[in-house]
Amino acid sequence: MKRRRMFRADSGGLAPGLDVGALAPLVDMMTLMLVFLLRSYSTESAPMPPEGHFELAGTTSEAARASGSVVVLVSKDAVYIEGRRVIAVNYLPEDLLVREIYDPLLLMRGKKRIEVHVDRSIPWGVLKRVLHTARTAGFEDLSLVAASTSSL
Amino acid sequence: MSGRGLFGRSAGEPAAEADVRPTLLGVVTLMFLLLFFLLTTSSGQRLGVLELRLGSPSDLAPLPHAGLVKDVSVSLSGTTLSVEYTLQSTDISAASTTVEKRQKDLPGVAGRPDLAGLLATLEELHAIDPSQERARLAPDDAATTDTIIAVMDVLHGPEAAPLFPKIALTGSAG
Numbered sequence: 001m002k003r004r005r006m007f008r009a010d011s012g013g014l015a016p017g018l019d020v021g022a023l024a025p026l027v028d029m030m031t032l033m034l035v036f037l038l039r040s041y042s043t044e045s046a047p048m049p050p051e052g053h054f055e056l057a058g059t060t061s062e063a064a065r066a067s068g069s070v071v072v073l074v075s076k077d078a079v080y081i082e083g084r085r086v087i088a089v090n091y092l093p094e095d096l097l098v099r100e101i102y103d104p105l106l107l108m109r110g111k112k113r114i115e116v117h118v119d120r121s122i123p124w125g126v127l128k129r130v131l132h133t134a135r136t137a138g139f140e141d142l143s144l145v146a147a148s149t150s151s152l
Numbered sequence: 001m002s003g004r005g006l007f008g009r010s011a012g013e014p015a016a017e018a019d020v021r022p023t024l025l026g027v028v029t030l031m032f033l034l035l036f037f038l039l040t041t042s043s044g045q046r047l048g049v050l051e052l053r054l055g056s057p058s059d060l061a062p063l064p065h066a067g068l069v070k071d072v073s074v075s076l077s078g079t080t081l082s083v084e085y086t087l088q089s090t091d092i093s094a095a096s097t098t099v100e101k102r103q104k105d106l107p108g109v110a111g112r113p114d115l116a117g118l119l120a121t122l123e124e125l126h127a128i129d130p131s132q133e134r135a136r137l138a139p140d141d142a143a144t145t146d147t148i149i150a151v152m153d154v155l156h157g158p159e160a161a162p163l164f165p166k167i168a169l170t171g172s173a174g
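Chains as they are written, first to last, in our numbering: chain A, 1 to 152; chain B, 1 to 174.
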């Protein structure tokens, strides 16, 4: 039985070295890996809180993020606006309007749009106060950001 | 006429096997460089965005929908989903247009909301009136973001054939 080898001494008259038959599948594999990476990887980095564990919920949505948005992050510990901690979750008032979130957002009304990154375990009772405050501050375009679980 | 071929071989010379190994090695090297570049500049976590519409008591009521399914509302309490919808009568012999309010409760399955049951119900409603795109979602205060987004995904449906893509989250006003 004639076996093909990647490196062979006698390449049928050609100089010894890599066999063409071994290189073609390697190129195919590289192409597949490139397509997979381009499809499944993202160049946009998700904001993370400076401390504590943070995990986004999964979604099947593939809608892309819009640029120029105010980023509000709600972790298990605290609420952050553009990376700055504004209030601890445990100290959120019972009222729907949270002054500690409302005041910084008022200063950013030029951006018009808010992206809310929420930890998957945050209850609606907390999230609705953040969203209501953002809307009251004049932001009509609100979007919830989650980790895309769409497959190839 | 003795012309030269693309690879410099004279047309009159006997064909010799061209060595393509340098070309393939160049391609492989380029692929390696691209892979390295991609792995260093990208992240394995892709993000998806869900547009939010928040209901508010101060909002004006929208105009009634012209189709057969007048409105769709999904409430989430614990692990129980409840779908409320208003259907217009299709009885052509009726003297006046009548609407009927219906409700379907979907108890949780294995400690999770019955998303498969919700999808089946929503697909039935979408089949009755494909022009209805709006739905309301009213989660209870204890519902986690993970569960809310899972229900929103079902309400929205696949990108290729969306069910109710215009989702209004209610309960923001308490």
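C-beta atoms are modelled at their ideal positions from N, C-alpha and C, and glycine is treated no differently.
Pairwise C-beta distances place the region 56–73 of chain A in contact with the region 136–152 of chain A, as three or more of them are shorter than 8 Å. Among the residues facing chain B, A/R135 is included, as its CB has a counterpart in that chain under 8 Å away. Put simply, of B/Q88, B/A168, B/K104, B/D105 the residue whose alpha carbon is nearest the alpha carbon of B/T97 is B/Q88.
For A/E62, the C-beta contacts it makes with chain B under 7 Å involve G48, E159, in order along the chain. For the pair of segments examined, the region 27–40 of chain A was found to touch the region 31–39 of chain B: the number of CB pairs separated by less than 8 Å reaches three.
Assigned with DSSP and collapsed to three states, B/V69 falls in strand. A/T59 is the residue among A/G52, A/T59, A/E55 whose C-alpha sits nearest the C-alpha of B/E159. Here B/L125 has V69, V72, Y85 as same chain residues with Cβ atoms under 7 Å from its own Cβ, once five neighbours each way along the sequence are excluded. Residue burial is scored here from C-beta neighbours: B/A120 has fewer than 16 other C-beta atoms within 10 angstroms and is therefore classed as exposed. Identification of chain A residues near B/E51 by a Cβ-Cβ cut-off of 7 Å yields S143, ordered along the chain. For B/S42, the nearest CB of chain A lies under 8 Å from its own CB, placing it at the interface with that chain. For A/M108, the nearest beta carbon of chain B is not closer than 8 Å to its own beta carbon. Between B/I128 and chain A, the shortest Cβ-Cβ separation is not below 8 Å.
Collapsing the DSSP output to three states places B/K166 in a strand. The beta-bridge partner set that DSSP reports for A/H117 consists of A/L73, A/V145. In terms of Cα proximity to A/S40, the closest of B/P64, B/R46, B/A161, B/D141 is B/R46. Looking at the DSSP output, B/P139 bridges to B/L76.
With respect to B/A150, B/L115 sits close: the two C-beta atoms are nearer than 8 Å.
With a beta-carbon spacing of about 6 Å, A/R135 and B/L54 fall inside the 8 Å limit used to define contacts. Chain B has no Cβ within less than 8 Å of the Cβ of A/I101. Annotated three-state conformation of A/K112 is coil, per DSSP. Closer than 8 Å to the CB of A/R65 there is at least one CB belonging to chain B.
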